[in-house]
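In my numbering, the protein residues as written are 1366 to 1741.
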RNA sequence: GCGGAAUUGGUGAAGUGGUUAACACGCCGGAUUGUGGCUCCGGUAUGCGUGAGUUCGAUCCUCACAUUUCGCC
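(1) Have a look at 1518, 1540, 1735 and flag the residue whose alpha-carbon is nearest the alpha-carbon of residue 1588.
(2) Measuring straight from C-alpha to C-alpha, what distance separates residue 1740 and residue 1734?
(3) Classify residue 1741 as helix, strand or coil using the three-state DSSP reduction.
(4) From the DSSP output, in three-state form, read off residue 1374 for me.
(5) Assuming residue 1717 and residue 1381 form a contact by the criterion Cβ under 8 Å, report the distance between their Cβ atoms to the nearest whole angstrom.
(6) Can the beta-carbon of residue 1504 be found closer than 8 Å to that of residue 1444?
(7) Can you tell me the Cβ-Cβ gap for residue 1447 and residue 1707, rounded? I've got them flagged as a contact below 8 Å.
(8) Which residue's Cα is closest to the Cα of residue 1465: 1624, 1676, 1615, 1585?
(9) Let me make sure I understand the geometry here. Which of 1417, 1638, 1401, 1541 has the alpha-carbon closest to that of residue 1425?
(10) So, helix, strand or coil for residue 1451, using DSSP?
(11) Thinking C-alpha only, which one of 1549, 1453, 1618 is nearest residue 1497?
(12) Are the beta-carbon atoms belonging to residue 1454 and residue 1422 less than 8 Å from one another?
(13) Go through its chain and collect everything with a Cβ distance to residue 1595's Cβ below 8 Å, but skip five positions before and after it.
(14) Within this structure, are the beta carbons of residue 1576 and residue 1507 separated by less than 8 Å?
(15) For residue 1727, count the other beta carbons within 10 Å of its own beta carbon; 16 or more makes it buried, fewer makes it exposed. Which is it?
(16) In the DSSP output, what is residue 1471 paired with across the bridge?
(17) Determine, using beta-carbon pairs with one atom in the region 1519–1527 and one in the region 1476–1491, whether at least three such pairs fall under 8 Å.
(18) Which runs of the alpha helix (DSSP H) spanning at least 4 residues fall entirely within the region 1591–1637, listed in chain order?
(19) So if DSSP puts residue 1393 in a beta bridge, which residue, or which two residues, is it bridged to?
(20) Helix, strand or coil for residue 1425 per DSSP?
(21) Does DSSP put residue 1439 in a helix, in a strand, or in coil?
(22) Can you grab the Cα-Cα spacing for the pair residue 1502 / residue 1367, in whole Å?
(23) Beta-carbon within less than 7 Å of residue 1692's beta-carbon, same chain only, minus the 5 sequence neighbours each way: which residues are those?
(24) On the DSSP bridge list, what partners appear for residue 1653?
(25) Could you tell me if residue 1644 is buried or exposed, where buried requires 16 or more neighbouring beta carbons within 10 angstroms of its beta carbon?
(26) Taking 8 Å as the threshold, find out whether the region 1698–1715 comes into contact with the region 1626–1637 through three or more Cβ pairs.
(27) Could you name each continuous beta strand (DSSP E) segment of 3 residues or more that falls completely within the region 1555–1595, going from the start of the chain to the end?
(28) Following the continuous beta strand (DSSP E) through residue 1707, name the residue where it begins and the one where it ends.
(29) Would the beta-carbon of residue 1377 fall within 8 Å of that of residue 1629?
(30) Relative to the C-alpha of residue 1538, which residue among 1606, 1527, 1493, 1470 is closest?
(31) Which residue's Cα is closest to the Cα of residue 1397: 1370, 1411, 1389?
(32) Count the other CB atoms within 10 Å of the CB of residue 1569; is the residue buried (16 or more) or exposed (fewer)?
(33) To the nearest angstrom, how far is it from the Cα of residue 1695 to the Cα of residue 1434?
(34) For the alpha helix (DSSP H) that contains residue 1538, what are its first and last residues?
(35) Report the three-state DSSP secondary structure of residue 1401 (helix, strand or coil).
Here it is, written out as structure tokens:
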């Protein structure tokens, strides 16, 4: 059962889009936030809990499942859905991000990327063909092309040759792709250079993919403007009828700005990572529950939130769990933070329906950042 | 009662006769954007039991006292 995307509406004042994803007899709406479950689990959460918070697509990772337990074991289990008991759509990242996080530039060749297995030190070679083969066996619903995700400070000349190589890798991956039930996305790179993004997007589109990802946008912590430009430079050259996915993007404001620039899908580790470190996302900004001022705060994280954590537990209790390193605290905060981002996309979709996304953005910023927005 | 040992921050403790008293935990903050890592980065004793003395200078040396602790009667 291959996933189907339908574009439903474009907002009047921005490039924002409303869409539907048909999958397994169910309909999901875009723009959408996708929780990350690198090792075939969204850390601390069960699939039932994810459904309860209206999560749809979740992510998993080729590199990690390749190393452990191994793609053949997942295949023998009946594929990733059966293995982890998740019947919603699953997207797998190709291992491209691990090129960024684990490999050194000299480990990257035309053939592929040499990694040092972070579990035991073994030397491993991941190629576009291998990445696709693994994803075929995992039987995810959306596979990613194997790309190079260069660092934010990469030079123009490096990015240019990197973009060209990622294009050649995309072509090789497409040839290797064998799973008719699985979508395959191409990835647009090119840093913050308009001509490189344009080249990368148009050439990737020529190869013909089921959807398009925008990569290399989540590793610059200096300039949000650059990130937003990279969104625009990419989506401008992508076909309207296909899904667009901003890889690794998940700060609330970045999701809003991404939607405004025509992006449909977002994923990010931040809701679960922040949760494990004691932080809660709220409409009034990020809250650090480790702060002493919450010691006697017997109110929920957000009184108007419909999540399991907010309906049943107080900040003081969750703070205590986090301070005591109890995993239930991380679970409650993960539930809240993911639900927060999903609720954000629900509100974004409502404002696209009424063509009021820009007003929504202004109100969101005013409340989330107060007077300080832009001064950071 | 006699003899010995000890006394450094919230805790466990290192240390030196001379600019800012190590380290760890805790505590107080901050970070975190296609997740190796409950991780990373800051801050946290104007003072080294009390008093007196020696010395240019003492947490460090001397004496007294207090407290704790061990052994003996």
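Even for Gly, the Cβ is constructed at its ideal location relative to N, Cα and C.
As the structure is a prediction and not an experimental result, all values here were calculated from the model.
On the basis of the coordinates in this document:
(1) 1518
(2) Low confidence applies here, because residue 1740 scores a pLDDT of 46, under 50, leaving its location unreliable and the question unanswered by this model.
(3) Model confidence at residue 1741 stands at a pLDDT of 41, short of 50, so the residue's coordinates are unreliable; what they give is reported in the following sentence. In this structure, residue 1741 counts as coil in the three-state DSSP scheme.
(4) strand
(5) 5 Å
(6) yes
(7) In fact, because the Cβ distance is near 25 Å, the residues do not count as touching under 8 Å.
(8) 1585
(9) 1401
(10) coil
(11) 1549
(12) yes
(13) 1555, 1556, 1557, 1562, 1579, 1581, 1582
(14) yes
(15) exposed
(16) Residue 1471 pairs with nothing; no bridge assigned.
(17) no
(18) 1617–1625
(19) 1386
(20) strand
(21) helix
(22) 15 Å
(23) 1409
(24) 1644
(25) buried
(26) yes
(27) 1576–1579
(28) First-last for residue 1707: 1692–1718, but that is the alpha helix (DSSP H), not the beta strand (DSSP E).
(29) no
(30) 1493
(31) 1370
(32) buried
(33) 25 Å
(34) 1521–1541
(35) strand
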